[in-house]
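Student: Sharing a structure with you now.
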Amino acid sequence: MKFHEAANFLFDLRRYPSRPGTDPTADFLAHLGNPHDEFACVQVAGSNGKGSTARMVESILREAGLDVGLYTSPHLDDVRERVRVNGRKLSEDALVEFVETTEEYVTDHAADGESPTFFETLTALALWEFGRQDVDVAVLEVGIGGKHDATSVVDPVAAAVATVALEHTDFLGDDVETIARDLAHVTPEDGPLVTGADGEALDAIRDEIGETLRVTAAGDSGDGDGDVTVEYGGRVGIEGAVSVESGGFAIDGDGFAIDGGEWAVETRLPLLGAHQARNAG
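Per my numbering, the very first residue in the sequence shown carries number 4; after that it's consecutive.
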């Protein structure tokens, strides 16, 4: 099988609509030997900011010396962009091998009217590759919501809900509180959930899971109520950079500071916008 044939096989699965539940993905992974049981996972959900947050988590873990898998969506040019190990995208040979390994499974299930969807299959591909590459940890960006997403087949060691907003209301619910409760289902059984949510969304998350680690930005209405506070010193609109003092740090340019109470970090980010600093928090 050639690469373009394998890629087209995957793209053909886009005709199958999304469906709630993790059982199809769990069955697919069982067919592959449950590769996701061999490494730790961090799950990142949210209405906005989850992609940036996932990439930042991946970068931090790699700098700590770990071998890290990263699964994101969508891709811009090449479907292999969605699956990376230590920054390197999936090889053409690996994608071909995956399709050759699973083609019979997929076509048999399709004949029974139970074909894996495109996203379910890509999720299985990512976890299969991370297992083959013997990663220490995989960072998984959630597709839609949390409770019923294919990535929720894993039991993460840590998770995040970046933000909560009205989105996919036909699938997740027609108000922020309902959506927040769905997103909260990425919470690990024995690990922390970190969130940048506020207001009614934060209340709904806390009502669903109890305590959570909250990230706030200095100057927010909830400033002082968070476990971690972010102070941004980068460009603001057309007015240029601002200069602020935070935790003994002087921040300017594209810098920001993160104050965790008993610890503090001053750093820079190659992404403009206070929202990106908050994602980093």
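Glycine included, C-beta positions come from ideal geometry on N, C-alpha and C.
For clarity, every value in this text was computed on a predicted model and none was experimentally measured.
(1) Where in the segment 122 to 205 do unbroken runs of the beta strand (DSSP E), each at least 3 residues long, occur, reported from the N-terminal end onward?
(2) What is the DSSP secondary structure of Asp262, counted as helix, strand or coil?
(3) DSSP three-state label for Ala48, please.
(4) Closer than 8 Å is the cut-off here; do at least three beta carbon pairs connect the segment 163 to 175 with the segment 120 to 134?
(5) If we ignore side chains and look at the alpha-carbon of each, how far apart do Val99 and Gly202 end up?
(6) Quick check on the burial criterion: 16 or more other C-beta atoms within 10 angstroms. Buried or exposed for Pro20?
(7) Less than 6 Å between C-beta atoms, sequence neighbours within five positions excluded: which residues of the same chain meet that for Ser128?
(8) For the segment 184 to 196 against the segment 70 to 80, are there 3 or more C-beta pairs whose distance is under 8 Å?
(9) In the DSSP assignment, the alpha helix (DSSP H) including Gly54 goes from what residue to what residue?
(10) Output needed for Arg87: all residues of its chain with C-beta closer than 6 Å, excluding positions within five of it in sequence on either side, in chain order.
(11) DSSP three-state label for Tyr74, please.
(12) Any idea which residues DSSP pairs Ala43 with across the strands?
(13) Who are the near neighbours of Thr14 in its chain, counting only those whose CB is closer than 8 Å to its CB and skipping five residues on each side?
(14) Quick one: what does DSSP say Leu216 is sitting in, helix, strand or coil?
(15) Given this structure, state the Cα-to-Cα distance separating Lys53 from Glu8, to the nearest angstrom.
(16) Within the same chain, show all residues whose beta-carbon is closer than 8 Å to that of Ser155, passing over the 5 residues directly before and after it, in chain order.
(17) Rounded to whole angstroms, how far is the Cβ of Glu84 from the Cβ of Lys92, which I believe are closer than 8 Å?
(18) Using three-state DSSP, classify Glu117 as helix, strand or coil.
(19) So Arg87 is in the beta strand (DSSP E); what residue range does that whole segment cover?
(20) Got a sec, what are the start and stop residues for the alpha helix (DSSP H) Phe15 sits in?
(21) Three-state secondary structure (DSSP) at Arg91?
(22) What separation, rounded to the nearest whole angstrom, lies between the Cα atoms of Ser62 and Gly68?
Tutor: Put simply:
(1) Runs of the beta strand (DSSP E) inside the segment 122 to 205: 140 to 144, 161 to 164, 196 to 198.
(2) Within the sequence shown, the letter at position 259 stands for residue 262. In the structure shown, Asp262 sits in a strand (DSSP, three-state: E or B).
(3) Indexing the sequence shown from 1 puts residue 48 at position 45. Strand.
(4) Segment contact: the segment 163 to 175 against the segment 120 to 134, fewer than three CB-CB distances shorter than 8 Å; contact not assigned.
(5) As a position in the sequence shown, residue 99 is number 96, starting the count at 1. As a position in the sequence shown, residue 202 is number 199, starting the count at 1. One C-alpha to the other measures close to 47 Å.
(6) Translated into the one-based positions of the sequence shown, residue 20 becomes position 17. Pro20 should be labelled exposed.
(7) Position 125 of the sequence shown, counted from the start, is the residue given in the question as residue 128. The residue asked about is misnamed: residue 128 is Leu in this sequence, not Ser. Excluding its 5 nearest sequence neighbours in each direction, Leu128 has C-beta neighbours in its own chain below 6 Å: Phe101, listed in chain order.
(8) Counting C-beta pairs with one atom in each stretch, the segment 184 to 196 and the segment 70 to 80 have fewer than three that are closer than 8 Å, which means they do not touch.
(9) The sequence position of residue 54 within the sequence shown is 51, counting from 1. Where Gly54 is concerned, the enclosing alpha helix (DSSP H) stretches over 53 to 66.
(10) In the sequence shown, residue 87 corresponds to position 84, counting from 1. The residues are Leu73.
(11) Looking up residue 74 in the sequence shown gives position 71. It is a strand residue.
(12) Translated into positions along the sequence shown, residue 43 becomes position 40. Per the DSSP secondary-structure output, Ala43 pairs in a beta bridge with Val140.
(13) Locating residue 14 in the sequence shown gives position 11, where the first residue counts as 1. The residue asked about is misnamed: residue 14 is Phe in this sequence, not Thr. Same-chain partners within the cutoff: Val82, Phe121.
(14) Taking the sequence shown and counting its residues from 1, one reaches residue 216 at position 213. Leu216 falls in the strand class under three-state DSSP.
(15) Residue mapping note: residue 53 aligns to position 50 of the sequence shown, counting from 1. Residue mapping note: residue 8 aligns to position 5 of the sequence shown, counting from 1. Each residue's Cα considered, the two are about 31 Å apart.
(16) Position 152 of the sequence shown, counted from the first residue, corresponds to residue 155. Apart from the 5 residues on each side of it in sequence, Ser155 sits with its Cβ closer than 8 Å to the Cβ of Thr25, Gln46, Val145, Gly149, His188, Val189 in its chain, given in chain order.
(17) Counted from its first residue, the sequence shown places residue 84 at position 81. Counted from its first residue, the sequence shown places residue 92 at position 89. So it is a contact: roughly 5 Å between Cβ atoms.
(18) Taking the first residue of the sequence shown as position 1, residue 117 is located at position 114. Glu117: coil per DSSP, three-state reduction.
(19) The count along the sequence shown starts at 1 and reaches residue 87 at position 84. Bounds of the beta strand (DSSP E) holding Arg87 are 86 to 88.
(20) Along the sequence shown, one-based indexing puts residue 15 at 12. Position check: residue 15 holds Asp in this sequence, whereas Phe was assumed. Premise fails: Asp15 is in no alpha helix (DSSP H) and is neither H nor E.
(21) For this step, residue 91 is matched to residue 88 along the sequence shown. Three-state DSSP puts Arg91 in a strand.
(22) Taking the first residue of the sequence shown as 1, we reach residue 62 at position 59. Taking the first residue of the sequence shown as 1, we reach residue 68 at position 65. Within the model, the alpha-carbon separation for Ser62 versus Gly68 is close to 10 Å.
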